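Chains as they are written, first to last, in the numbering used here: chain X, 1 to 410; chain F, 1001 to 1260.
This report refers to the structure that appears directly beneath it.
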């Protein structure tokens, strides 16, 4: 009786066309993904078995779930785009997609989602790609646990790993992106959550914001990119607990802020970057509990930055802690720990009794004549830095930390 | 030569100053590590000390030792010994004992503090190598000065001036010229100017390890090649060797022709 019931129910479900599972393999009835998509009806699952599928321009226009078993290879043979999703509720899981075509006029992507909602792209591996996962005007989806490994050499003929264009409420989580142009790129995308990603060895930026507001990125690691993260022309971005490491080079930054307002930057670690944070035209940003370790310049302020506050940060063994290119200062530095602070704490309240001046005369000189960097840590420089410290002439005289901490925070 | 080297070396080893010098570094090493609790921070502080103090002590000690042992030298000159071996023996005795004090004095506290387990070991050994080179160079330079000047006061004066020039004044002039000629391409000039001062050279060598991220911030192909590859390290070490060999060569050349 029970078996009969199960049989009856399953028969009922399948005959209603409700969530069938269609296997695809080289000796199944369905031999290609394109064929599978056209034969499937709404809410079916396509089970793609191990093998190589030489296909491109696969159009998914109904709510389907594509599951790859043991990472079947989808080989685009450099012909163009591989998967395009134009329907809501599509899930793609466990595919290995290679050889996306390169074009100078069209942004071919391995997986492109167009004007769709509730999509889920997970456990996908992309190699030899142009653009990786390209989300276009699509909302409420998730990009989870994918691995994107490109082979980009030049910026002009390479694409981005994960690109969001006019998207809202998307989660990008636990992805690994390497060797592409921009690891993750956001343009006009709001309320995006980016967390636990690893973005390394990319040509341009590990993560790049353009005109995107109210986004959060946390616990990501950006290492050895052209520049770690570029945040440009965006508002109310929260950047928490990320690690920026070893972004070295003439124009390399851990983080580049340009025209950013009302952001929060806290609990991040900037380690061994040429410039930890490069700030330009950014206002009302709170920097809290960040650690700047062994950077060339921990913070480089290039002007038009007002009402920013730096509190409880650690500045440890940087070549330069803060660099300003003007005498004007409207930013507040308070209760930070500076490894170069030489003051004392007689009343033992954990706060140094004499203020600390983070801007050295030498950093001013290096701004004017960059070659003088070879005189870094010279005795002569120490002497003139000391005299500048006693009576500031070239550096902003109101730029000081009145309450420098005696011990590291955190 | 070896006999004279041995004699002056043992003479110095037994002398009070070598112990003072050794104990000073020993104390410095321990105090730095005790206060900093962090080997890499201590390496930075030590670098500042090494590039200033080591040349100063090398210079003063070299001049002092030469003038003090002048009578002994004159005695030796009366013997059938090659002149170059007398002076080179003396020189190597002084430089050797100073280097030994430096290496042991700094090495012991760092080793006790777990240097071998720390990743700063390469920075630290580089520091000791540069310190040794600076000792050799500045002792040789001071021997040259002392040999050329009979007058003790004059000799001391020149030696201190040499140190002051190399440690401070040179960088001042260097900086001024960079600022005055900033309209011109200066990257080659600044690297070459660094080569002409052993203190700057050692500083650059250490910067290559400590502040590489800042040095790479400058836009320029010459800098990038120098600092970004191993080229910088090799050229700097080669120049340091040259800086050691040339004064020693001049010392033996001068000694052969000097009229005592």
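Positions of the beta carbon are idealized from the N, C-alpha and C atoms, including for glycine.
Bear in mind the structure is a predicted one, so any value in this text is a computation, not a measurement.
{"Check": "Three-state secondary structure (DSSP) of residue 153 of chain X", "Outcome": "coil"}
{"Check": "8 Å Cβ cutoff, residue 338 of chain X in contact with chain F", "Outcome": "no"}
{"Check": "Best match in F:1090, F:1220, F:1210 for proximity to residue 1121 of chain F [C-alpha to C-alpha]", "Outcome": "F:1210"}
{"Check": "Per-residue DSSP class, three states only, for residue 12 of chain X", "Outcome": "Note on residue 12 of chain X: pLDDT 49, under 50, position unreliable in the model; no value is reported."}
{"Check": "For residue 278 of chain X, the residue or residues it bridges with in DSSP", "Outcome": "X:256, X:300"}
{"Check": "Residues of the stretch 390–406 of chain X whose Cβ lies closer than 7 Å to any Cβ of chain F, in chain order", "Outcome": "none"}
{"Check": "Three-pair Cβ contact test at 8 Å for the stretch 1145–1163 of chain F versus the stretch 1117–1133 of chain F", "Outcome": "no"}
{"Check": "Neighbourhood of residue 15 of chain X by C-beta distance below 8 Å, restricted to the same chain and skipping five residues each side", "Outcome": "Because residue 15 of chain X carries a pLDDT of 47, less than 50, the predicted location of this residue cannot be relied on, and the following value inherits that uncertainty. Closer than 8 Å at the Cβ level, and outside the excluded window around residue 15 of chain X, lies no residue."}
{"Check": "Run of the beta strand (DSSP E) containing residue 441 of chain X, from where it starts to where it stops", "Outcome": "Nothing about residue 441 of chain X can be reported from this structure: the residues present for chain X run from 1 to 410 only."}
{"Check": "Nearest residue (CA-CA) to residue 1027 of chain F, options F:1110, F:1118, F:1142, F:1196", "Outcome": "F:1110"}
{"Check": "C-beta atoms of residue 44 of chain X and residue 64 of chain X nearer than 8 Å", "Outcome": "yes"}
{"Check": "Bridge partners - residue 207 of chain X, DSSP secondary structure assignment", "Outcome": "X:184, X:229"}
{"Check": "Near-chain F residues of the stretch 286–311 of chain X (beta-carbon distance less than 8 Å), N- to C-terminal order", "Outcome": "294, 295, 296, 297"}
{"Check": "Test: residue 1230 of chain F CB closer than 8 Å to a CB of chain X", "Outcome": "no"}
{"Check": "Chain F contact for residue 374 of chain X (CB, 8 Å cutoff)", "Outcome": "yes"}
{"Check": "Rounded separation between residue 12 of chain X and residue 41 of chain X - CA only", "Outcome": "Confidence at residue 12 of chain X is low in this model, with a pLDDT of 49, below 50, so the placement of that residue should be treated as unreliable; the coordinate-derived value is given next. The alpha-carbon atoms of residue 12 of chain X and residue 41 of chain X are separated by roughly 16 Å."}
{"Check": "Nearest-angstrom Cα separation, counted from residue 169 of chain X out to residue 120 of chain X", "Outcome": "13 Å"}
{"Check": "8 Å Cβ cutoff met for residue 73 of chain X and residue 91 of chain X", "Outcome": "no"}
{"Check": "Within-8 Å CB hit, residue 377 of chain X to chain F", "Outcome": "yes"}
{"Check": "According to DSSP, residues forming a beta bridge with residue 1204 of chain F", "Outcome": "According to DSSP, residue 1204 of chain F bridges with nothing at all."}
{"Check": "Element boundaries [alpha helix (DSSP H), containing residue 1071 of chain F]", "Outcome": "1070–1077"}
{"Check": "Of the listed residues X:237, X:331, X:123, X:385, nearest to residue 191 of chain X (C-alpha basis)", "Outcome": "X:237"}
{"Check": "Chain X residues whose Cβ lies nearer than 7 Å to that of residue 1203 of chain F", "Outcome": "377, 378"}
{"Check": "Backbone secondary structure at residue 1210 of chain F - three-state DSSP", "Outcome": "helix"}
{"Check": "Test: residue 155 of chain X CB closer than 8 Å to a CB of chain F", "Outcome": "no"}
{"Check": "CA-to-CA distance, residue 1127 of chain F to residue 1259 of chain F, given in whole angstroms", "Outcome": "40 Å"}
{"Check": "Residue-chain proximity (residue 343 of chain X, chain F), Cβ-Cβ < 8 Å", "Outcome": "no"}
{"Check": "Beta-carbon proximity check, residue 260 of chain X vs residue 231 of chain X, cutoff 8 Å", "Outcome": "yes"}
{"Check": "Residue environment, residue 1173 of chain F, which counts as buried when at least 16 other CB atoms sit within 10 Å", "Outcome": "exposed"}
{"Check": "Residues sharing a beta bridge with residue 316 of chain X, DSSP", "Outcome": "X:293"}
{"Check": "Separation of residue 277 of chain X from residue 1135 of chain F, as counted between CA atoms", "Outcome": "40 Å"}
{"Check": "8 Å Cβ cutoff, residue 1042 of chain F in contact with chain X", "Outcome": "no"}
{"Check": "Local conformation of residue 405 of chain X per DSSP, three classes", "Outcome": "strand"}
{"Check": "Identity of the residue in X:271, X:273, X:272, X:255 nearest residue 265 of chain X by Cα", "Outcome": "X:255"}
{"Check": "Supposed close pair residue 1227 of chain F, residue 1242 of chain F - CB separation, criterion 8 Å", "Outcome": "The pair is not a contact, with the Cβ atoms about 20 Å apart (cut-off 8 Å)."}
{"Check": "Contact with chain X by residue 1179 of chain F, beta-carbon distance below 8 Å", "Outcome": "yes"}
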